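Quick note, the working numbering runs 5 ahead of the 1-based positions in the sequence shown.
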Amino acid sequence: MINMIRAEKYRLTKTKGFYIFWGLILLVVILDLATNTIGAIGLGVGIDTDEMPTYTKDIMFLMGNFNFYFFLLMPVFSIVVGEFSDHIVKNTISSAISKSRFFVYKYVICVVYGVLVFLVVNVGFYGLYAIFRSDYGRADFGVYMSRVMGQLPLIVMLLSVFVTVAFLFRKGAAYNSVMIIAPFLFEVILGICMAIPGLKDFSFLSKVIRYEVSTVMYNIGSGIDFMGSYYRNILIACVAITVLTFLLGYSSFKKREL
C-alpha cells in the first residue's frame, strides 16, 4: 500500500501531465481575470440574454465551471488509465492488494484529488480577483463559497463517471475519445434541436437543456433557483448517478479478467 501511495504521488506531481494540467488551469484563470466574459465550453442556458443581470467576474467564473469537466479528465487518466497502459495492474493486485480494494483506492484518490483541485482553483480565483482587480465589485465570500459548494455534487458525480469509464475502457485512446467527444457531440445535437423552429419549446427538450451539466453549472453559479426545487432535483440525480457508476465500475472490475 505504501508503494502504491508513492507511485500515485509520483504520477500526480512528477510527470509532464502534472505540469500540463496545472498550466492549462493557470492559463484559464489568467484569461478569466483579464476579460469580462464567461469563458466556458457548453450551452450555459440559464437566463435570456436580454434579461441577464450584471454579474461580478468572480460569479461569472463560477458560471463557467463546466471547464472542470475537461480539466479533471487528466488526473483520472494519470491515476487509472496510466496504470493499465503501463501493464502493472496485474502485478499490483497479485502482490499487494485485492481487486476490490484496488478499485476503491483508485476511486477515492481520484475523487478526493479532483475535489481538492476544484476547491483550490475556485478559492484561489476569488483571492486573485480580490488582489488584482480590487477596484471591481465582487460577491460576498460566503455567497461565493455557497455556490462553489452547490456545484460540488456535480464535480463528484463527474469524477465518479470518469473513474468508471476509465476502468471499463482501460485504454487511453478509448477513454479520451469517449469522454472528450461525447459532450461536444451532445452539445451539437442540442444546438441543432434548439435551432429548429418550434422544437425549442418542446417540453422534453426544454427539460433536457435545463438539466444538462453545463447549464446546471451555469445556473448554480449564477444563483438561479439555488436551494429550490430545481437544485433538489439536481442533487438527487447527482447522488443517484454517483452511486450507480461506483457500483457499475466496482462490479465490472471484479468480474473482468486483468
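Ideal Cβ placement from N, Cα and C applies to all residues, glycine included. Computed from a predicted structure; not experimentally measured.
Backbone secondary structure at residue i - three-state DSSP
{"i": "arginine 175", "result": "coil"}
{"i": "proline 80", "result": "helix"}
{"i": "arginine 237", "result": "helix"}
{"i": "isoleucine 102", "result": "coil"}
{"i": "alanine 144", "result": "coil"}
{"i": "methionine 199", "result": "helix"}
{"i": "aspartate 230", "result": "coil"}
{"i": "arginine 261", "result": "coil"}
{"i": "glycine 69", "result": "coil"}
{"i": "arginine 152", "result": "helix"}
{"i": "valine 166", "result": "helix"}
{"i": "threonine 2", "result": "Examination of residue 2 is not possible in this model, given that the chain is present from 6 through 263 alone."}
{"i": "threonine 20", "result": "coil"}
{"i": "serine 139", "result": "coil"}
{"i": "isoleucine 186", "result": "helix"}
{"i": "isoleucine 93", "result": "coil"}
Integer Cβ distance of residue i from residue j, believed to fall under 8 Å
{"i": "methionine 79", "j": "phenylalanine 26", "result": "5 Å"}
{"i": "tyrosine 118", "j": "aspartate 63", "result": "Between aspartate 63 and tyrosine 118 the Cβ distance is about 24 Å, and since that is not below 8 Å, they are no contact."}
{"i": "threonine 247", "j": "valine 161", "result": "6 Å"}
{"i": "serine 105", "j": "lysine 259", "result": "6 Å"}
{"i": "leucine 163", "j": "cysteine 115", "result": "No, leucine 163 and cysteine 115 are not in contact; Cβ-Cβ is about 11 Å, not under 8 Å."}
{"i": "arginine 152", "j": "glycine 228", "result": "6 Å"}
Distance CB(residue i)-CB(residue j) smaller than 9 Å
{"i": "phenylalanine 172", "j": "lysine 111", "result": "yes"}
{"i": "glycine 177", "j": "phenylalanine 82", "result": "yes"}
{"i": "leucine 223", "j": "methionine 68", "result": "According to the sequence provided, residue 223 is tyrosine. The question's leucine does not apply to it. Yes, the Cβ-Cβ distance between tyrosine 223 and methionine 68 is below 9 Å."}
{"i": "valine 213", "j": "leucine 240", "result": "no"}
{"i": "glycine 155", "j": "isoleucine 225", "result": "yes"}
{"i": "isoleucine 243", "j": "proline 188", "result": "The sequence shown places cysteine at residue 243, rather than the isoleucine named in the question. No. Outside cutoff."}
{"i": "leucine 38", "j": "tyrosine 134", "result": "yes"}
{"i": "valine 183", "j": "phenylalanine 174", "result": "yes"}
{"i": "valine 109", "j": "valine 34", "result": "no"}
{"i": "leucine 190", "j": "methionine 199", "result": "no"}
Pick from the options that is closest to residue i, judged by C-alpha positions
{"i": "tyrosine 180", "options": "Ile84, Pro158, Asn72 and Arg261", "result": "Ile84"}
{"i": "glutamate 192", "options": "Gly132, Ile98 and Val218", "result": "Val218"}
{"i": "tyrosine 74", "options": "Ala144, Phe123, Gly233 and Leu252", "result": "Phe123"}
{"i": "valine 253", "options": "Gly228, Val170, Phe209 and Arg106", "result": "The identity of residue 253 in the sequence shown is leucine, whereas the question assumes valine. Among Gly228, Val170, Phe209 and Arg106, the Cα nearest to that of leucine 253 belongs to Val170."}
{"i": "tyrosine 60", "options": "Gly203, Ser151, Ile114 and Arg143", "result": "Arg143"}
{"i": "serine 257", "options": "Met65, Leu17 and Phe107", "result": "Phe107"}
{"i": "valine 86", "options": "Thr97, Val168 and Pro202", "result": "Val168"}
{"i": "asparagine 72", "options": "Asn238, Ile185 and Asp91", "result": "Ile185"}
{"i": "phenylalanine 137", "options": "Thr40, Tyr236, Thr20 and Lys21", "result": "Thr40"}
{"i": "tyrosine 216", "options": "Gly203, Tyr236 and Ile197", "result": "Tyr236"}
{"i": "threonine 220", "options": "Asn70, Ser139, Ala245 and Ser208", "result": "Asn70"}
{"i": "glutamate 262", "options": "Ile30, Asp230, Phe207 and Ile98", "result": "Ile98"}
N- and C-terminal bounds of the alpha helix (DSSP H) containing residue i
{"i": "threonine 61", "result": "Per DSSP, threonine 61 belongs to no alpha helix (DSSP H) and is neither H nor E."}
{"i": "threonine 220", "result": "218-227"}
{"i": "serine 90", "result": "87-90"}
{"i": "asparagine 215", "result": "First, the residue type needs correcting, since residue 215 is arginine and not asparagine in the sequence shown. Element bounds for arginine 215: 208-215."}
Heavy atom of the ligand SAH within 8 Å of residue i beta-carbon
{"i": "leucine 253", "result": "In the structure shown, the ligand SAH is absent, as is every other ligand, since no ligand is present at all."}
9 Å Cβ cutoff, residue i in contact with chain D
{"i": "alanine 135", "result": "Reference to chain D is not applicable here, since this structure consists of a single protein chain."}
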